[in-house]
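*Asks:* Numbering (numbering that gives the first Met the number 0), first residue to last: 0 to 226.
Ideal placement from N, C-alpha and C gives every residue a C-beta, glycine not left out.
All values reported here derive from a predicted model rather than from experimental measurement.
Dropping the structure in here first, questions after.
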Amino acid sequence: MGGKGWFLLKLLMFQGLFTSRLQDPGFDFFYFVLQWPGAYCDTKRACCYPTTGKPAADFGIHGLWPNYNDGSYPSNCDPDSEFDPAEISDLVSTMQTKWPTLSCPSNNGSKFWEHEWEKHGTCSESVMDQHKYFENTLALRDRVNLLQILQDAGINPDDEFYDLQDIKNAIKDGTGFTPVIHCNKDPEKNSQLHEIFFCVDTSGTEFIECPIIPRDRCPSKLQFAMF
Numbered sequence: 000m001g002g003k004g005w006f007l008l009k010l011l012m013f014q015g016l017f018t019s020r021l022q023d024p025g026f027d028f029f030y031f032v033l034q035w036p037g038a039y040c041d042t043k044r045a046c047c048y049p050t051t052g053k054p055a056a057d058f059g060i061h062g063l064w065p066n067y068n069d070g071s072y073p074s075n076c077d078p079d080s081e082f083d084p085a086e087i088s089d090l091v092s093t094m095q096t097k098w099p100t101l102s103c104p105s106n107n108g109s110k111f112w113e114h115e116w117e118k119h120g121t122c123s124e125s126v127m128d129q130h131k132y133f134e135n136t137l138a139l140r141d142r143v144n145l146l147q148i149l150q151d152a153g154i155n156p157d158d159e160f161y162d163l164q165d166i167k168n169a170i171k172d173g174t175g176f177t178p179v180i181h182c183n184k185d186p187e188k189n190s191q192l193h194e195i196f197f198c199v200d201t202s203g204t205e206f207i208e209c210p211i212i213p214r215d216r217c218p219s220k221l222q223f224a225m226f
């Protein structure tokens, strides 16, 4: 092969390598995590309502977390990509409703969002910038009305105990996707519905069945706390 042919071959190989790197986001899927405020607050640690007031009695966003298929995950991928509230100024009012903070001391949520961006969001920058990361996460929340799904199945936040499998079946029937359920404990050591995990593709826009299914961190019966 002549010099020109070798040049073209190397160019094609470089282009193919470059393209493959562009298509590789550096992780395998996202966990999209929602949390029930009643369970967050009903612990020995307790909670503080945000400065905007008590959140609605509804599932709020915890985060959108890149993960690997082997169960590990990247974190704090770009220390230079600091959270900038100005970049999401058009989303803040929606985030205060759908992604509220419950940590103490009472605050407006920006510390929570800063943590989520810097620990998890910076690991998805090959796919989306800061604004798109929060925008996509809010859009996912709009597509999953968990509280309505559970209530339609007769599962209500009334401090009663429900079967874990009934909760999973209701969510699977209502969304089309298998959830992973995490519990925490109230001061009386009752296990209560705390977090619900879904899996999302590497674009951060489409729900998928989880490539790995971690164990539910709940007993067979759990409490759905009031809020």
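Taking only the alpha-carbon atoms, compute the straight-line gap between H193 and D23 and give it to the nearest angstrom.
*Replies:* 33 angstroms
*Asks:* The beta strand (DSSP E) that contains P65, what's its start and end?
*Replies:* 59–66
*Asks:* Using C-beta distances below 8 angstroms, list every residue in its chain close to I212, excluding the 5 sequence neighbours before and after it, in chain order.
*Replies:* Exclusion of the five residues before and after I212 leaves T177, V179 as the residues of its chain whose Cβ lies within less than 8 angstroms of its Cβ.
*Asks:* With C-beta atoms as the reference, is F223 less than 9 angstroms away from N144?
*Replies:* The answer is no: Cβ separation not under 9 angstroms.
*Asks:* Assess, as a yes-or-no matter, whether the region 67–82 is touched by the region 47–55 under the definition of 3 or more beta carbon pairs within less than 8 angstroms.
*Replies:* no
*Asks:* Where does N183 fall in DSSP's three states?
*Replies:* strand
*Asks:* With a threshold of 7 angstroms on Cβ separation, who are the neighbours of A38 within its own chain once the five nearest residues in sequence on each side are excluded?
*Replies:* N183, Q191, L192, H193, A224
*Asks:* Over what stretch of residues does the beta strand (DSSP E) that includes E194 continue unbroken?
*Replies:* E194 -> beta strand (DSSP E) spans 190–199.
*Asks:* Enumerate in chain order the residues of its own chain whose CB-to-CB distance from G175 is below 7 angstroms, with the five nearest sequence positions on each side excluded.
*Replies:* none
*Asks:* May I ask which residues mark the beginning and end of the alpha helix (DSSP H) holding Y39?
*Replies:* 36–40
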